[in-house]
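Q:
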Amino acid sequence: EAGVAQSPRYKIIEKRQSVAFWCNPISGHATLYWYQQILGQGPKLLIQFQNNGVVDDSQLPKDRFSAERLKGVDSTLKIQPAKLEDSAVYLCASSAGLNQPQHFGDGTRLSIL
Amino acid sequence: DAKTTQPPSMDCAEGRAANLPCNHSTISGNEYVYWYRQIHSQGPQYIIHGLKNNETNEMASLIITEDRKSSTLILPHATLRDTAVYYCIVRERSNDYKLSFGAGTTVTVRA
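Here is the structure:
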């Protein structure tokens, strides 16, 4: 089966600019996650969707980050405006259910200048 | 907040078995132990998970102690491509089964 697809693979922007990341989960997976991974650390959950509804966004900095999953399939994560501290890899994962293995994409590496 | 303790790093020889330990002394009866690994510049890859019984798949074996306070991931014949950060994670039902990644163990397989 096809894995989780993410784009772009790399993105470089200046601080205060906006950026968007796209994720296409594994077909049929109802649960979708966005993680942030800062260099040298493990991934940290930002937001979790069940179909097109938000299950948990408690760790999402809502003043600058937003995410949506229209139609319960693809998802986009947006940062506006970006700060230097947002430099990280943004990972998308999906699973067939809450207590099923999560499968990750290879992420988008974001660099803020 | 990770509920697991792993050594920060370990080396192993190519072709030999790699045994990766993990302590999870506060695990509850209905919580699963999951293992993921992350190869450089890739996303985390699911390896295996278990509740009480030992588990084996094409990638690895998972040995869970009878008291469930620790476990060992075994890579039977390590190759250079197994060099990665390995994460041991307890998925908590009380936390909606979220994955909480700690620092993991950096495993280096040497020729």
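Just so you know, the protein sequences line up as chains D and B, in that order. Note that our numbering numbers the first sequence so that position 100 is 100, with each residue one more than the last. Quick note, our numbering runs 1000 ahead of the 1-based positions in the second sequence. All residues carry an ideal CB built from backbone N, CA and C; glycine is no exception. For clarity, every value in this text was computed on a predicted model and none was experimentally measured.
1) What three-state label does DSSP hand residue 1095 of chain B in the structure shown?
2) Assuming residue 105 of chain D and residue 6 of chain D make a contact with CB atoms under 8 angstroms, what is their CB distance in whole Å?
3) With DSSP as the reference, please indicate the residues paired to residue 1019 of chain B in a beta bridge.
4) From the DSSP output, in three-state form, read off residue 1014 of chain B for me.
5) Does the separation of the CB atoms of residue 1007 of chain B and residue 1105 of chain B fall below 8 angstroms?
6) Taking only the alpha-carbon atoms, compute the straight-line gap between residue 1063 of chain B and residue 1031 of chain B and give it to the nearest angstrom.
7) Quick check: the Cα distance between residue 21 of chain D and residue 1037 of chain B, rounded to an integer number of angstroms?
8) Near residue 1004 of chain B, which residues of its chain fall below 7 angstroms by C-beta distance, leaving aside the five closest residues on each side in sequence?
9) Since residue 67 of chain D and residue 19 of chain D should fall inside the 8 angstroms C-beta cutoff, what is the C-beta to C-beta distance between them, to a whole number of angstroms?
A: In this structure, then:
1) Three-state DSSP puts residue 1095 of chain B in a helix.
2) Indeed, because the Cβ distance is near 4 angstroms, the residues count as touching under 8 angstroms.
3) Beta-bridge pairing links residue 1019 of chain B to B:1074.
4) The answer is coil: DSSP assigns residue 1014 of chain B none of H, G, I, E or B.
5) Yes, the Cβ-Cβ distance between residue 1007 of chain B and residue 1105 of chain B is below 8 angstroms.
6) As the crow flies, the alpha-carbon of residue 1063 of chain B is around 15 angstroms from that of residue 1031 of chain B.
7) Going by the C-alpha atoms only, they are around 23 angstroms apart.
8) Taking residue 1004 of chain B as the centre and dropping the five residues before and after it, the same chain places the C-beta of 1022, 1023, 1024, 1088, 1089, 1090 and 1102 closer than 7 angstroms to its C-beta, in chain order.
9) Taking a contact as a CB-CB distance under 8 angstroms, the pair residue 67 of chain D and residue 19 of chain D does not count as one, their CB atoms being some 13 angstroms apart.
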